[in-house]
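With positions in the sequence shown counted from 1, the corresponding number in the numbering used here is that position plus 35.
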Amino acid sequence: MAQTKRTGRKSRAKKELAVLSLVMMLLLAAVVGVDLHLDRTGAGAQTVTIGVIGSSDDQIWKAVQQELDRRNEYIRIRLKPFQDAIYVNQATANREVDLNAAQHYAYLEDDARTNHYKLSVIGDTYISPMNLYSRRYSKPSQFQDGDKVAIPNNATNMGRALKVLADAKLIGLRDPKATNPLPEDVVENPKHLRLEQVDPAGILNLLPDYAGGVTNANFVVDAGMSVHDAIHEVPYDLQNPANKPYINIIVTTSDQKDNPTYAKVVKAYHSKLVADTITRVYKGACVPAFKV
């Protein structure tokens, strides 16, 4: 009987030790961030860090992760948010992130030329609308003489904003077909609007002080608004070559443009699941720039 009791106590002690060991392992994983998802060979999933602006695309990248998991690719996506694409490209060039998805062709071309970055496009994502918003007026014709209008302070989005104002018949441009017109290219301004350049991320917050503002859809979504809250929307047709500069893209360093892991991320992005998620998140305003 005594032997049986000792055996029972040893058995319970072993069980308690096993439970304690499991708890310690889970606590350690939580503290140091151990990736418990193992691939077929027992190695941990490869992490790809992607630089993004704000949080508007978080659901889209969750869908990309779901698609990668469905395909058993064992690639883990980690998002690193930035406030401005200037810092995203710098971080990409410095290899602080593997990829970025924070800009369109026109912005990348201008930024890479200015800063001598060796960056390459490895995939298209979607075309994002840039529209005119106001808290004072419900249509462009209501703007008053001398009103202030906020436009982005970076060259490519500034030019695009000027084209939005021209489309709204508020100004006239020297060359309406120019990709990146400048303020000095405004040749008609019948209401003497004062165009002020500000950080595009803050334009919506400035609207109480500005009669109107032109900004990108991702900032609109981040602010809890709908792109359809705009008082003037510009339609975008992917078949029109004039819209190619405004297609958003996935970017990496030029020496990694053929990286097979990154190619798998792009392939997962170009899936029906992701296309449907883009449509849902942006309520149809953003158009997927890829075929599924």
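Cβ coordinates follow ideal geometry from the N, Cα and C atoms, glycine included.
Per DSSP, cross-strand counterpart(s) of residue i
i, result
"GLN381", "There is no way to answer for residue 381, as the model of the chain reaches only from 36 to 327."
"TYR168", "GLY248"
"GLN138", "ILE284"
"VAL184", "LEU230, GLY247"
"VAL322", "ILE162"
"LEU208", "VAL221"
"PRO270", "In the DSSP output, where bridge partners are listed per residue, PRO270 has none listed."
"GLY86", "LYS115, ASN135"
Endpoints, the alpha helix (DSSP H) within which residue i is located
i, result
"TYR297", "295 to 304"
"ILE313", "307 to 316"
"VAL125", "The residue asked about is misnamed: residue 125 is Gln in this sequence, not Val. 120 to 128 is the span of the alpha helix (DSSP H), which, as asked, contains GLN125."
"ALA258", "It is not in any alpha helix (DSSP H) - ALA258 carries neither H nor E in the DSSP assignment."
"THR191", "190 to 202"
"ASN278", "Counting along the chain, ASN278 falls outside any alpha helix (DSSP H), and DSSP gives it neither H nor E."
"ASN240", "238 to 241"
Bounding residues of the beta strand (DSSP E) (the contiguous stretch that carries residue i)
i, result
"GLY158", "154 to 162"
"ARG229", "229 to 233"
"VAL99", "It is not in any beta strand (DSSP E) - VAL99 instead sits in the alpha helix (DSSP H) that spans 93 to 105."
"VAL221", "221 to 223"
Supposed close pair residue i, residue j - CB separation, criterion 8 Å
i, j, result
"LEU228", "PHE178", "7 Å"
"ILE162", "TYR281", "6 Å"
"GLN138", "ALA120", "4 Å"
"LYS292", "ILE157", "6 Å"
"ASN135", "ASN150", "ASN135 to ASN150, Cβ: 14 Å. No contact."
"LEU217", "ILE206", "Actually they do not touch by this definition, with Cβ atoms about 12 Å apart."
"PHE254", "ALA236", "5 Å"
"ILE284", "ASP159", "6 Å"
"ALA98", "THR312", "4 Å"
"ILE238", "ALA324", "That pair is no contact at about 24 Å."
"PHE117", "ILE88", "6 Å"
"LYS279", "TYR140", "6 Å"
"ASP234", "ASN188", "6 Å"
"ASP180", "LYS226", "5 Å"
*Could you tell me whether the stretch 249 to 265 touches the stretch 208 to 225, where touching means 3 or more Cβ pairs closer than 8 Å?*
No contact exists between the stretch 249 to 265 and the stretch 208 to 225.
*On the three-pair Cβ rule with 8 Å, is the stretch 106 to 119 touching the stretch 165 to 183?*
no
*How do the stretch 188 to 195 and the stretch 236 to 243 stand: do at least 3 beta-carbon pairs fall below 8 Å, yes or no?*
Taking one beta carbon from each stretch, the stretch 188 to 195 and the stretch 236 to 243 have fewer than 3 pairs nearer than 8 Å; the two do not touch.
*Say whether the stretch 199 to 207 touches the stretch 285 to 292, bearing in mind that this needs 3 or more beta-carbon pairs closer than 8 Å, one atom from each stretch.*
no
*For the stretch 126 to 136 against the stretch 263 to 276, are there 3 or more C-beta pairs whose distance is under 8 Å?*
no
*Examine the Cβ distances between the stretch 98 to 106 and the stretch 298 to 310 and report whether three or more of them are shorter than 8 Å.*
Yes: the two stretches touch, three or more of their Cβ pairs being nearer than 8 Å.
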